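Under the working numbering, the first residue of the sequence shown is numbered 1, with each subsequent residue one higher.
The beta carbon of each residue, even a glycine, is placed where N, CA and C say it ideally should be.
All values derive from a computational prediction rather than experimental measurement.
Note sheet for the following structure.
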Amino acid sequence: MTRDTVCRLCSACCQVEVELKNGKFISAGRKSFLPPKKRIPCLKLQAAGEIIYSPDRLKAPLIREKTSRRDTWREADWEEALELVTEKFNLMKRRYGPESVCWLRGMAADWGAQWDYPNRLMNAFGSPNTIGNGSVCHVARDMGHTYTYGSLTVADAKNAKCVMVWGKNDLNTCPPAGEAIFHAKEKGAKLIVVDPIRTRLAEMADIWLQIKPGHDGLLAMSMINEIVSKRLYDKDFVSDFTTGFESLKTTALSFDTDAVADRIWLRPEQIREVAELYATAKPACIVDGNGIDMQLHVFDATRAICMLRALTGNLDKKGGDLILQPIPMHNIQLRKRLPEDTIPITRDYELFDNFHPTWGRQVQSCVIDAILDEKPYPLKMLVVQSGNPAVTMTDSNRVRKAFEKLDFLVVIDLLMNRTAKFAHVILPASSCFEETQLNRAYMRNSPAVLQNQVIECVGGSMPDSQIVFELARHLGLEKEFPWKTAEEALDYHLAPSGITVDLLRENPNGLRANELRYEKYVSEGFDTPSGKVEFFSGRLKAKGHPPVPFINGPPEDPISFSGTGGDLDMIGISGERTRFFTHTQFRHITSLRNKEPECTVNIHPDDAGERGISEGDTVEISTPRGRVEMKAAISTRMHRECVQIGWGWGEVSSGLSLNNLTDDDQRNPVTGTPSNRAFMCRLGKKT
Ligand SMILES: Nc1nc2c(c(=O)[nH]1)N[C@H]1C(S)=C(S)[C@@H](COP(=O)(O)OP(=O)(O)OC[C@H]3O[C@@H](n4cnc5c(=O)[nH]c(N)nc54)[C@H](O)[C@@H]3O)O[C@H]1N2
Ligand SMILES: Nc1nc2c(c(=O)[nH]1)N[C@H]1C(S)=C(S)[C@@H](COP(=O)(O)OP(=O)(O)OC[C@H]3O[C@@H](n4cnc5c(=O)[nH]c(N)nc54)[C@H](O)[C@@H]3O)O[C@H]1N2
Ligand code: SF4
Ligand SMILES: [Mo]
């Protein structure tokens, strides 16, 4: 028997068909518009059975017990565990106020319905502190898009004549998008890749820009300079649909291409060639990604890239970058329930907190600030859901100190991960094949496709939605959570669209609430205060932020620990992501681990030679925040003076945790983003 659903083993949210036997998951295949031979295989999906039925899955809630000699874990039933969590919620509320309780979200349960439920619960409970990890993932980029033209765009690579891939590696991280790029290339589209690493996509590219990490804003501004100076921009679009062109032009002129090229490890003629190709091959799209997300300049760099889309008239055109067409849904977060004067822990990032009606609060570093520095007030209790922040948050030492200081920590996860080891209660969640939900990818853009429960919950686990609903009932919030099932909740959520869960099940390949339309801005304008694309933003100016990206000219070095001097002479980066794992997940899955048994650091042969490092040697990498030790892999995929450090291995051993090295002091002033992916470091052979 086969069933359709959406895989959520990573955030690509692929549509899949699952093979079942006697109610058990046997295998799954990804749907694709390409014939089977041309598809990009997903090894994680091939290992889904092993992941679902892993003996490491938690089978019952666990409660920490203190004995005179050590802490142990005891299995409990759901009722007892939820009672205990409820008692602590209420205790904190009485002692310190409801805002002392915070819900911290990782990426694994998705940002759609599964993000709305805890927001609703916490708002109804009285705490504004439901915090996601969007400051280090794509939400900061989403804000850059939204502030420029009112919406995130998606690249229509399949129909493009030129695809510019900027800090994204879809062959590993999003196979459906990777296949669209393959298809376009086969039909003759030009491919430009901007990436410090020679990825497989970079090898396929017509032009590969091996940019200095963290410097993408400079490249975008000098491309704007080239396009404006050579009058390659779309004059009609600029005059009819944009504001602030003259201010952008003046700013861009200070990004002299020769000077920029010199700073970012490129040749001036490469920048000129790319600017010309991108501006003249129509339609062209830009696929932007996580390579830009963890940069200190993420907001301005993203805005500058968005402005390239607008200048060239590629917005909302077939083969260009499409403005989203979300399905109409209720906003169920109950944010307005909080008193007007409620202060969230993210209060310094007010614009980011409010740029979108449902993204909510996403500056995760503020959680650690509030626990350690007790500002704006102390956080005493944390619920961590579907994340492993002990490994994935910036500056692991600081995170560890914060977790040790908490009065109470609840973790909702499939496994006993490194974060759960700090917890007082662990609640076992079900995997994506065991629950029904609607993912953000399918809420924010049509068609809507259902993630459909295809097997019973494994062991004593419970789907994330049910855990939130049950906790809400224990907290006396049944009025806000009248739903018994995910289906009931989704039907309410979806009501404005006329779509129901039953209809979605009848249409497993998705339902559109509205037909696909291009150039919607002609009749509707853009969803910005001026109704136009804003090269100059009055909203930003009013709050003291640069109204035009990089309005003060080329910025100082944006990599953390720059200027510290001494022997911090290498740039450490985390990227590209591997095909076999999702962040810290799946290292316990034998078939995947066999493909990549250990963590390595890629080093250019010249840098290795200078330090007497050979292939397989153990090397030490350190920064003022901490150190890691791992095996050296010598490779020309890297630029000189740059090392690529394996990502996500901190789950296996804390000595392999890349975030031992990262800095959380310097952050983007709008989005609170630290420079997680690029930092100065020392490299040496372990003696
Ligand atoms: N230095 C540096 N830092 C980074 C990054 C980087 O590249 N470099 N990347 C950043 C990015 S983009 C992101 S998104 C974050 C990722 O950070 P996290 O979200 O913390 O990452 P994961 O390791 O994927 O942790 C997911 C956890 O959720 C559990 N899980 C899986 N499925 C479910 C489910 O359905 N329900 C529940 N309750 N739990 C589930 C898994 O077992 C795992 O323990 O890290 C960020 N941090
Ligand atoms: N297999 C797998 N798939 C995943 C994930 C996973 O962990 N594993 N995680 C999921 C999540 S949460 C996310 S956010 C997405 C991310 O998906 P992508 O956006 O594709 O993320 P990465 O592969 O981390 O980075 C993309 C590229 O950016 C490059 N890069 C690094 N630094 C820079 C820089 O300074 N400038 C530029 N221009 N490029 C740079 C990297 O070398 C890499 O090739 O993937 C999702 N899918
Ligand atoms: S890429 Fe991610 S979402 Fe898609 S099938 Fe593979 S693991 Fe699942
Ligand atoms: Mo992410």
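Sorry if obvious, but does the Cβ on residue i come closer than 7 Å to a heavy atom of ligand 2?
i, result
"F581", "yes"
"I211", "yes"
"K185", "no"
"N659", "no"
"G132", "no"
Under the three-state reduction of DSSP, which class applies to residue i: helix, strand or coil?
i, result
"Q453", "coil"
"A261", "helix"
"G29", "strand"
"M204", "helix"
"I192", "strand"
"N514", "coil"
"Q437", "strand"
"G217", "helix"
"R579", "coil"
"S68", "coil"
"I343", "coil"
"E534", "strand"
"P428", "strand"
"W111", "coil"
"A281", "coil"
"S11", "coil"
"A472", "helix"
"A184", "helix"
"S724", "There is simply no residue 724 to check, as the chain begins at 1 and stops at 687 in what is shown."
"V548", "coil"
Could you give the first and the last residue of the continuous beta strand (DSSP E) run that contains residue i?
i, result
"C642", "C642 to I645"
"M162", "For the sequence presented, residue 162 should be read as Cys rather than Met. C162 -> beta strand (DSSP E) spans C162 to W166."
"L409", "F408 to D413"
"C681", "A678 to K685"
"M381", "M381 to Q385"
"L43", "First-last for L43: L43 to Q46, but that is the alpha helix (DSSP H), not the beta strand (DSSP E)."
"D4", "T2 to V6"
"E620", "T618 to T623"
Could you give the first and the last residue of the continuous alpha helix (DSSP H) run that contains residue i?
i, result
"T86", "W78 to Y96"
"E596", "Careful: E596 lies outside any alpha helix (DSSP H) and carries neither H nor E."
"Q15", "Element bounds for Q15: not the alpha helix (DSSP H) but the beta strand (DSSP E), Q15 to K21."
"A140", "V139 to Y149"
"I371", "S365 to L372"
"K235", "K235 to F241"
"M462", "Counting along the chain, M462 falls outside any alpha helix (DSSP H), and DSSP gives it neither H nor E."
"M307", "V298 to L311"
"I292", "N290 to D293"
Answer yes or no: the CB of residue i versus the heavy atoms of ligand 1, is any distance below 7 Å?
i, result
"P702", "Outside the displayed range of the chain (1 to 687) lies residue 702, so it cannot be described from this structure."
"W647", "yes"
"P55", "no"
"R627", "no"
"I412", "yes"
Given the structure, does residue i come close to ligand 4, in the sense that its CB is under 7 Å from one of the ligand's heavy atoms?
i, result
"N290", "yes"
"M107", "yes"
"C137", "yes"
"S386", "no"
"S11", "yes"
Quick one: measure Cβ to Cβ for residue i and residue j, integer angstroms, because I've assumed they're closer than 8 Å.
i, j, result
"A252", "M221", "6 Å"
"K44", "L438", "About 22 Å; that fails the 8 Å criterion."
"D156", "K318", "6 Å"
"N509", "V449", "7 Å"
"F433", "I26", "So it is not a contact: roughly 11 Å between Cβ atoms."
"H583", "T392", "6 Å"
Just to confirm, does residue i get its C-beta within under 7 Å of one of the non-hydrogen atoms of ligand 3?
i, result
"P175", "yes"
"A301", "no"
"K44", "yes"
"V367", "no"
"V454", "no"
"R200", "no"
Are the segment 259 to 277 and the segment 205 to 216 touching, with three or more C-beta to C-beta distances below 8 Å? Judged by Cβ distances under 8 Å, the segment 259 to 277 makes contact with the segment 205 to 216, as three or more pairs qualify.
Pair every Cβ in the segment 381 to 399 with every Cβ in the segment 82 to 102, then say whether three or more of these pairs are closer than 8 Å. A contact exists between the segment 381 to 399 and the segment 82 to 102.
Cβ contact (3+ pairs, closer than 8 Å) linking the segment 165 to 173 and the segment 126 to 136: Contact between the segment 165 to 173 and the segment 126 to 136 is absent, because fewer than three Cβ pairs lie under 8 Å.
So, does the segment 416 to 427 touch the segment 643 to 654, judging by three or more C-beta pairs under 8 Å? Yes: at least three Cβ pairs fall under 8 Å.
Is the segment 592 to 612 in contact with the segment 555 to 562, if contact means three or more CB pairs nearer than 8 Å? Touching, no.
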